[in-house]
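The block underneath contains the structure these notes are about, expressed in structure tokens.
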Ligand SMILES: Cc1cc2nc3c(=O)[nH]c(=O)nc-3n(C[C@H](O)[C@H](O)[C@H](O)COP(=O)(O)OP(=O)(O)OC[C@H]3O[C@@H](n4cnc5c(N)ncnc54)[C@H](O)[C@@H]3O)c2cc1C
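Residue numbers (this note's numbering): 66 to 558.
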């Protein structure tokens, strides 16, 4: 079977490259022969990211997207060369790091040139006094964390995709790690960075602790999802490796009790590195073997840092949990979480059972957070064919929380997997928007959420679009995402 024989999900609005041979020759001149490919096997490998619906399509022999060229730049000058060529020829350029994104951000839905950043893989410098690490953007998350650990530090950013994601991908999607309650989200961790803009200008934001030197333009580029610039280098905060870890778990009668306990822990300015609430269904799924948690809502905590402070944090965390009807479940549930926290084999096998399955993370202020949870669960249960809708809460701030919903269903008669997928996604996002929440906490917008951007951003979305047009007049950098609704035009059988 050749690539041409595959049905394409995103086939409309593809950019037709008139003289492919000429473009390939120019790419080879810029990058060298070893860094350019239009081999079918490479194009196939880069036709998808880790959005779960892609697996449903792969099993049906359908391609999600089809880039024309795959490139592996080694220098900033090569990236500048590719961007200049792309602007001349009006060809899309799609930054791609590890492809672990789950919202279609790295898909070449209009065709074009994939710019794989993996050769930007050097960790450049640790500054012990400033507590920073400077690294190229293509560095793999686990490699960075192992390197830091060996030298007595932690990067504090441990997403579940640590083994399969990169620094550039984290910055592009405004990622959050499992230890975010203490160390923050990636936008709190980035101190400075280097970017290449769509027309090929290289800009730098030097690392600063804080400044009063005009608007915070560096933050504007965090979360740009490869549509406004390509991140080549970043300086990130680091921390001394924790002296002690305290493992705590409590089971609560209701989700409301668990939210009240965690909110009051933060109110006392206690920031356990990890806090995770599992609703009753997820408690059954992950902690069914814990007697004290039967029929309850499990919360696991990891307090870490210097011993004296950890002891105090543990004491206050325990007191607060008990005040809000928590029952001590010991260290075992947290040890179980540590052992299984990177394991996702169950979820990725669901499409083989013809299920449509995905996860959606959303953000809420504390006010009404429990009502929002119930509202999402109830609305989703009404979608025909739903067999599972559950949630955990994995990111906590003094002012709000990040919820993470998981759904699975079987498309009803006459509906394709994609139609059903969109129906459930839209039901959940609408339920969140209706009560004032934010439709994405850390996976980004990509394709899956772009439909909702005007609702989430209101009039300021127009300003964002003006800036995109200004920086990228030919719309070459990652087109079809964030600003446009590509879902409308995609389709499966
Ligand atoms: C099992 C699993 C668990 C996950 N857990 C988490 C989690 O705990 N927390 C979390 O935040 N996310 C999580 N994710 C989502 C995903 O890992 C993140 O979005 C990650 O940040 C993507 O990084 P990547 O290097 O794989 O980027 P890619 O998927 O390659 O790209 C993602 C987006 O970033 C752009 N991009 C990539 N590199 C650059 C660059 N250098 N400059 C500019 N743009 C760029 C791409 O164009 C695309 O839009 C998970 C995903 C999976 C599959």
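Backbone N, C-alpha and C fix where the C-beta goes; we use that ideal spot for every residue, glycine too.
Checklist entry - Does any heavy atom of ligand 1 sit closer than 8 Å to the C-beta of residue 208? => result No, the beta carbon of residue 208 sits no closer than 8 Å to any heavy atom of ligand 1.
Item to check | Option in 355, 421, 334 with minimal Cα separation from residue 476 | outcome: Looking at the Cα atoms, 421 is the closest of the given residues.
Item to check | Supposed contact pair residue 415 and residue 473 - C-beta distance, whole angstroms, cut 8 Å | outcome: Between the beta-carbon of residue 473 and that of residue 415 there is about 6 Å, and that keeps the pair under the 8 Å contact cut.
Item to check | residue 315, DSSP secondary structure in three states | outcome: For residue 315, the three-state secondary structure derived from DSSP is strand.
Checklist entry - In the stretch 440 to 513, which residue ranges form an unbroken alpha helix (DSSP H) of at least 4 residues, counting only runs that do not cross its ends? => result For the stretch 440 to 513, whole alpha helix (DSSP H) runs of length 4 or above, ordered along the chain, are 482 to 499.
Item to check | Other residues of its chain near residue 340: CB distance less than 6 Å, five sequence neighbours each side excluded | outcome: Contacts found: 246, 327, 366, 461.
Checklist entry - Are residue 145 and residue 261 closer than 9 Å when you measure CB to CB? => result Yes, the pair counts as a contact, with Cβ atoms nearer than the cut-off.
Checklist entry - When every heavy atom of ligand 3 is checked, does at least one fall within less than 8 Å of the C-beta of residue 267? => result With respect to ligand 3, the structure offers nothing, as its ligand set consists of ligand 1.
Checklist entry - What is the C-beta distance between residue 158 and residue 168, in whole angstroms, given that I count them as a contact (C-beta under 8 Å)? => result The C-beta distance from residue 158 to residue 168 rounds to 19 Å, too long to fall under 8 Å, and the pair is not in contact.
Checklist entry - Is it true that the CB of residue 375 sits closer than 9 Å to the CB of residue 308? => result Going by beta carbons, residue 308 and residue 375 fall inside the 9 Å limit.
Item to check | residue 268 - partner residues in DSSP beta bridges | outcome: For residue 268, DSSP records a beta bridge to 260.
Checklist entry - By DSSP, does residue 208 sit in helix, in strand, or in coil? => result Here residue 208 sits in helix by DSSP.
Checklist entry - Starting from residue 199 and walking both ways along the beta strand (DSSP E), at which residues does that stretch end? => result Boundaries of the beta strand (DSSP E) around residue 199: 197 to 201.
Next on the checklist: Using only the alpha-carbon positions, how far apart do residue 448 and residue 493 sit?
Outcome noted: Those two C-alpha atoms are separated by around 10 Å.
Checklist entry - For residue 485 versus residue 450, is the C-beta spacing smaller than 9 Å? => result Between residue 485 and residue 450, the CB-CB gap stays under 9 Å.
Checklist entry - Hey, how far is the Cα of residue 454 from the Cα of residue 100? => result In this structure, the alpha-carbon of residue 454 lies about 44 Å from that of residue 100.
Checklist entry - In terms of residue numbering, what span does the beta strand (DSSP E) encompassing residue 80 cover? => result Per DSSP, residue 80 lies in no beta strand (DSSP E) and is assigned neither H nor E.
Checklist entry - Which term fits residue 552, buried or exposed, when burial requires 16 or more other beta carbons within 10 angstroms of its beta carbon? => result Per the 10 Å Cβ criterion, buried.
Checklist entry - With distances taken between CB atoms, is the gap from residue 317 to residue 220 smaller than 9 Å? => result In this structure, residue 220 does not lie closer than 9 Å to residue 317 by Cβ.
Checklist entry - How would you write the range of the alpha helix (DSSP H) that residue 286 sits in, first residue to last? => result 282 to 286 is the span of the alpha helix (DSSP H), which, as asked, contains residue 286.
Checklist entry - Which partner residues does residue 424 have in the DSSP bridge list? => result According to DSSP, residue 424 shares a beta bridge with 471.
Checklist entry - Does DSSP put residue 550 in a helix, a strand or coil? => result In the structure shown, residue 550 sits in coil (DSSP, three-state: anything other than H, G, I, E or B).
Checklist entry - Who pairs with residue 343 in a beta bridge, going by DSSP? => result Looking at the DSSP assignment, residue 343 forms a beta bridge with 363, 457.
Item to check | Closest Cα partner of residue 388 within the set 242, 329, 554, 497 | outcome: Of the candidates 242, 329, 554, 497, 329 places its Cα closest to the Cα of residue 388.
Next on the checklist: For a quick check, are the C-beta atoms of residue 468 and residue 496 less than 9 Å apart?
Outcome noted: No.
Item to check | Same chain only: Cβ atoms within 8 Å of residue 530, ignoring 5 sequence neighbours per side | outcome: Cβ within range, chain order: 548.
Checklist entry - Going by alpha carbons, who is nearest to residue 428 out of 446, 258, 456, 412? => result Ranking 446, 258, 456, 412 by CA distance to the CA of residue 428 puts 456 first.
Checklist entry - Beta carbon of residue 237: closer than 8 Å to some heavy atom of ligand 1? => result At least one heavy atom of ligand 1 is nearer than 8 Å to the Cβ of residue 237, so yes.
Checklist entry - For the candidate residues 150, 533, 215, 237, whose alpha-carbon lies nearest to that of residue 297? => result The shortest Cα separation from residue 297 among 150, 533, 215, 237 belongs to 237.
Checklist entry - Between residue 195 and residue 183, what straight-line distance do the alpha-carbon atoms span, to the nearest angstrom? => result Those two C-alpha atoms are separated by around 27 Å.
Checklist entry - Taking DSSP as the reference, what is the three-state secondary structure of residue 432? => result Correct three-state label for residue 432: coil.
Next on the checklist: On a Cα-Cα basis, can you pick out the residue from 337, 404, 287 that is closest to residue 371?
Outcome noted: The residue with the shortest Cα to Cα distance from residue 371 is 337.
Checklist entry - Would a C-beta distance cut-off of 9 Å place residue 227 and residue 536 closer than the cut-off? => result Remark: C-beta atoms of residue 227 and residue 536 do not approach each other more closely than 9 Å.
Checklist entry - Within this structure, are the beta carbons of residue 264 and residue 152 separated by less than 9 Å? => result Yes. Within cutoff.
Checklist entry - Just checking, does the stretch 84 to 96 make contact with the stretch 185 to 203 on the three C-beta pairs under 8 Å criterion? => result With a cut-off of 8 Å on Cβ pairs, the stretch 84 to 96 is not in contact with the stretch 185 to 203, counting fewer than three such pairs.
Checklist entry - Mind checking whether the beta-carbon of residue 437 lies closer than 8 Å to any heavy atom of ligand 1? => result In this structure, residue 437 has its CB at a distance of at least 8 Å from all heavy atoms of ligand 1.
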